[in-house]
Structures are given as C-alpha cells and as structure tokens.
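Those sequence lines, one after another, are chains Z and B. Its first residue numbered 39, the first sequence is counted upward by one per residue in the numbering used here. Its first residue numbered 397, the second sequence is counted upward by one per residue in the numbering used here. Glycine included, C-beta positions come from ideal geometry on N, C-alpha and C. Bear in mind that the values here come from a model prediction, so they are computed numbers and not experimental data. Have a look at the structure below, then the notes.
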Amino acid sequence: AQRVTQPEKLLSVFKGAPVELKCNYSYSGSPELFWYVQYSRQRLQLLLRHISRESIKGFTADLNKGETSFHLKKPFAQEEDSAMYYCALGRGSTLGRLYFGRGTQLTVWP
Amino acid sequence: DAGVIQSPRHEVTEMGQEVTLRCKPISGHDYLFWYRQTMMRGLELLIYFNNNVPIDDSGMPEDRFSAKMPNASFSTLKIQPSEPRDSAVYFCASRLTYNEQFFGPGTRLTVL
C-alpha cells in the first residue's frame with residue numbers, strides 16, 4: 039500500500055540556517071512526488087513537483103528512489119518560510135488521488 | 397479564473413443541525429476532492445470524484461457524511477446530523493487529470 043511519512047510534526051530553525059523537511063514514501067510503482075505549502079490560514083498551494091526539477095522560493099527536492107525519499111531543502115531559511123508543509127504522492131499515469139503526509143510545521147525564528 | 401471557490405468560508409452551528417458545504421471547481425477540471433483538516437489528524441481525504449462520478453469514498457467518516465456532484469461545476473458535502481467532533485477546516489480541490497491540484501480556501505466549521 040502507498041504511504042507518505044513525514045517524521046517531524048514540528049521543525050524550528052533560525053533565519054539563515056539550512057532547513058530540511060523529511061519525506062519518505064512507500065509505493066511499489068513509479069511515484070510522482072509533490073510538496074505543498076500552507077501559509078497561516080490560507081489554502082494549500084503547490085510548491086514543488088519532482089518531475090519539474092525546479093527551485094521555487096529557494097527550495098529544492100530530489101527524488102531518491104533508492105531511499106524512497108523526497109526531502110525538501112533550503113540552504114538559508116527566511117522568516118516568511120514559516121508554514122505547514124505537506125509531502126504528497128501520486129501514482130499511475132493519471133495520478134488519481136494524492137496521498138498526503140501528516141505535514142510538518144516549520145517555524146523560522148528571527 | 398477565480399480558482400476553486402468554497403462557501404461558506406465560516407460556519408458555526410449547533411450539534412444536531414444539518415450542514416452543507418459547497419464547492420465550485422475550476423472550469424474544465426475533471427477531478428474533485430474533499431478533504432478535512434484537523435490538528436490531530438492532519439489532512440484527510442474524504443471522497444473524490446472523476447467526471448462527476450464518486451470514485452473513492454472510503455475516507456468518509458460515517459453515514460452522517462454525504463457528498464454529491466450533480467454537474468461538473470458544483471459539489472456539496474453534507475453532514476447530518478453534525479457533531480462537535482466534526483469541527484474542522486474542510487477543503488475542496490480540483491485537478492485536470494495529470495496536472496496540478498488546486499485547493500479552495502476552505503470552510504472552517506465549528507459545531508457547538
């Protein structure tokens with residue numbers, strides 16, 4: 039069965055420090071991985087999709103099929119990065135539903 | 397495009413009352429999803445539709461919950477009767493097959 043695990047419910051760093059939000063998945067097929075971000079009391083919005091291989095707002099994420107991970111990284115965190123981050127897994131050629139992790143609340147202190 | 401539209405944005409009701417949440421997906425999208433978000437359980441998928449047909453409702457907590465999609469531009473999530481433990485933020489989202497999933501602003505439901 040497919041599952042997404044975000045081991046850290048809360049993560050705090052100071053401004054300018056590197057940050058890594060962990061995401062591990064289980065799926066026997068070829069996965070599509072996503073990171074969604076939710077700023078305080080706002081809607082969720084797509085941050086990254088692994089097939090795009092983009093860097094958005096300084097964030098990057100690399101799909102590691104050997105370790106079944108899709109960790110989100112940023113070398114220098116900013117206060118405006120404080121938000122809830124969700125990792126999500128899609129499967130198959132049409133994606134169907136996405137499987138979301140429990141989320142990690144990132145707080146960046148000044 | 398205004399994006400996914402949900403109404404109401406806030407709903408406060410008393411236990412036992414019927415609650416109806418509404419969603420208008422982005423025009424042309426063929427998938428529609430209903431999620432519930434709580435501090436304890438995070439983001440849970442309740443049900444999703446493809447081309448107006450319910451595909452998976454295994455996340456619907458109990459028979460008190462029902463969802464419909466009478467046409468491609470409208471969906472409802474109904475709770476009858478409502479209970480305090482239903483208090484949460486309910487999100488609707490839509491997507492075009494293999495593309496990005498867009499979320500609505502959510503409905504914050506409080507059941508007293």
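DSSP beta-bridge partners of residue i
i: Met122 of chain Z; result: Z:Gln76 and Z:Gln143
i: Arg91 of chain Z; result: Arg91 of chain Z is not bridged to any residue.
i: Leu48 of chain Z; result: Z:Gln143
i: Ala489 of chain B; result: B:Phe429 and B:Phe499
i: Gly128 of chain Z; result: Z:Glu70
i: Tyr137 of chain Z; result: Z:Leu127
i: Arg41 of chain Z; result: Z:Ser64
i: Glu407 of chain B; result: B:Leu505
i: Glu117 of chain Z; result: DSSP output for Glu117 of chain Z lists no bridge partner at all.
Residue burial classification, residue i (beta-carbon count within 10 angstroms, cutoff 16)
i: Gln497 of chain B; result: buried
i: Ile89 of chain Z; result: exposed
i: Met456 of chain B; result: buried
i: Ser478 of chain B; result: buried
i: Ser490 of chain B; result: buried
i: Met364 of chain B; result: Because chain B is modelled from 397 through 508, residue 364 of chain B falls outside the range shown and cannot be assessed.
i: Tyr74 of chain Z; result: buried
i: Ser48 of chain Z; result: According to the sequence provided, residue 48 of chain Z is Leu. The question's Ser does not apply to it. Classification for Leu48 of chain Z: exposed.
i: Tyr123 of chain Z; result: buried
Where the beta strand (DSSP E) containing residue i begins and where it ends
i: Leu428 of chain B; result: Tyr427 to Thr434
i: Tyr65 of chain Z; result: Tyr65 of chain Z -> no beta strand (DSSP E), and no H or E assigned at all.
i: Val400 of chain B; result: Val400 of chain B -> no beta strand (DSSP E), and no H or E assigned at all.
i: Leu110 of chain Z; result: Leu110 to Lys112
i: Leu508 of chain B; result: It is not in any beta strand (DSSP E) - Leu508 of chain B carries neither H nor E in the DSSP assignment.
i: Leu82 of chain Z; result: Premise fails: Leu82 of chain Z is in no beta strand (DSSP E) and is neither H nor E.
i: Thr416 of chain B; result: Val415 to Lys420
i: Thr106 of chain Z; result: No beta strand (DSSP E) contains Thr106 of chain Z, which DSSP labels as neither H nor E.
Across the segment 91 to 104 of chain Z and the segment 403 to 412 of chain B, are there enough close Cβ pairs to call them in contact, namely three or more that are closer than 8 Å? When C-beta atoms of the segment 91 to 104 of chain Z are compared with those of the segment 403 to 412 of chain B, fewer than three pairs fall below 8 Å, so the two segments do not count as touching.
Indicate whether the contact test is met: 3 or more Cβ pairs, each with one atom in the segment 48 to 56 of chain Z and one in the segment 455 to 475 of chain B, closer than 8 Å. Pairwise C-beta distances place the segment 48 to 56 of chain Z out of contact with the segment 455 to 475 of chain B, as fewer than three of them are shorter than 8 Å.
When you compare the segment 104 to 119 of chain Z with the segment 57 to 71 of chain Z, are there three or more beta-carbon pairs, one atom per stretch, that lie closer than 8 Å? The segment 104 to 119 of chain Z, when compared against the segment 57 to 71 of chain Z, does touch it at the 8 Å Cβ threshold.
Ordered list of beta strand (DSSP E) runs contained in the segment 432 to 478 of chain B, each at least 3 residues: Entirely contained in the segment 432 to 478 of chain B, the beta strand (DSSP E) runs reaching 3 residues are, in chain order, 438 to 446, 449 to 452, 461 to 467 and 470 to 475.
Pair every Cβ in the segment 138 to 146 of chain Z with every Cβ in the segment 91 to 101 of chain Z, then say whether three or more of these pairs are closer than 8 Å. Touching, no.
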